[in-house]
Amino acid sequence: MDPYRILVYEVRVPTMAAAHFLGPLFLRLSNLTSISPPISSNPLKKCYCFRSLSSTMTALSEPKESPANNPGLQMEKDEGTKDYFLQQTMFRVKDPKVSLDFYSRVLGMSLLKRLDFPEMKFSLYFLGYEDTASAPADPKQRTVWTFSQKATLELTHNWGTESDPEFKGYHNGNSDPRGFGHIGVTVDDIYKACERFQRLGVEFVKKPDDGKMKGIAFIKDPDGYWIEIFDLKLIGEVTATAS
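Under UniProt numbering, the first residue of the sequence shown carries the number 1, and numbering increases by one thereafter.
So, in structure tokens, the structure goes:
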């Protein structure tokens with residue numbers, strides 16, 4: 001049983017009384033998510049719902065990533081999910097020749113597996129940072145091996161888009177209506193990596209020292225998808241104020 005849930009109870013307190021008795025603490029508590037919105041629009045009848053102090057202190061003392069600070073997060077995992085892992089992210093691409101060059105030459109990925117579906121006129125290219133020397137020679141076993149790797153990139157090519165003058169490209173999710181954002185790639189040194197990207201003619205959304213968040217960059221792939229670039233030496237400092 002979660003002790004946070006055991007200790008929680010609620011007390012509705014008129015606004016003026018709460019402000020009088022709690023003083024500065026009222027201002028602190030009124031900014032916490034453990035207080036419900038007022039139940040009346042009349043200033044004289046407004047009430048706030050405070051959780052017990054023990055539950056508030058529990059939430060404050062727990063890591064930010066704990067269920068106490070993230071409603072809906074389940075700590076106990078269903079036994080049926082114990083072997084689940086994130087295996088792939090899929091991008092639709094206009095021209096596989098251009099995309100494969102970018103992801104292999106610019107970002108250093110390897111082609112783990114290619115699957116062609118002639119009857120439906122599309123191909124899939126699975127890319128990643130795994131050593132393909134360990135990939136099985138048998139085509140079916142190589143497919144199984146590919147799908148056992150974590151965090152691969154799947155490029156989907158619908159045949160004919162590369163030469164279709166009417167094809168306008170794919171939405172990258174970063175203009176209205178916004179949705180998908182980006183993938184991320186770790187590099188050894190963010191500044192050296194971006195110097196190399198610039199020499200290779202890569203398009204930048206953000207260079208490492210642009211904007212308020214120094215030490216991270218965003219580049220675009222040939223289809224306009226965003227890729228966040230960061231290194232492990234700096235990412236802790238870059239996000240320190242949010243930690």
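Even glycine gets a Cβ: it sits at the ideal position worked out from N, Cα and C.
The structure displayed is predicted, hence computed values, not measured ones.
Residue 109 burial status per 10 Å Cβ neighbour count (16 or more: buried): buried
Residue closest to residue 185, alpha-carbon to alpha-carbon, out of 71, 225 and 176: 225
Stretch-stretch touch, CB-based, cutoff 8 Å, three pairs: the segment 88 to 96 with the segment 148 to 156: yes
Meets three-Cβ-pair contact criterion under 8 Å: the segment 170 to 188 and the segment 88 to 107: yes
Beta-carbon spacing of residue 74, residue 67 below 8 Å: yes
Simplified DSSP state of residue 101, which is helix, strand or coil: helix
Residue 129, DSSP secondary structure in three states: coil
Assigned exposure category for residue 221 - 16 Cβ within 10 Å defines buried: buried
Three-state secondary structure assigned by DSSP to residue 92: strand
Same chain, Cβ closer than 7 Å to residue 102, five either side skipped, listed in chain order: 221 and 222
Residue 84, buried or exposed, once every other Cβ within 10 Å from all chains shown has been counted against 16: exposed
Per-residue burial, residue 208 [other beta carbons within 10 Å of its own, 16 or more giving buried]: buried
CB-CB length for residue 182 against residue 130, believed under 8 Å: No, residue 182 and residue 130 are not in contact; Cβ-Cβ is about 22 Å, not under 8 Å.
Span separating the alpha-carbon of residue 214 from that of residue 188: 16 Å
Sequence ranges, alpha helix (DSSP H) only - wholly within the UniProt domain "VOC" (85 to 232), length at least 4: 96 to 101, 139 to 146 and 190 to 199
Rounded distance between the beta-carbons of residue 202 and residue 106, thought under 8 Å: 6 Å
Closest residue to residue 195 among 211, 218 and 179 (Cα-Cα distance): 218
DSSP state of residue 81 mapped onto helix, strand, coil: helix
Proximity to residue 161 [Cα-Cα], best of 240, 236, 96 and 176: 96
Burial state of residue 99 (16 or more Cβ within 10 Å): buried
Within 8 Å, strictly: CB atoms of residue 112 and residue 135: yes
Residue 236 - containing alpha helix (DSSP H), residue span: 235 to 238
Supposed contact pair residue 115 and residue 104 - C-beta distance, whole angstroms, cut 8 Å: Contact flag wrong, Cβ pair sits at about 18 Å.
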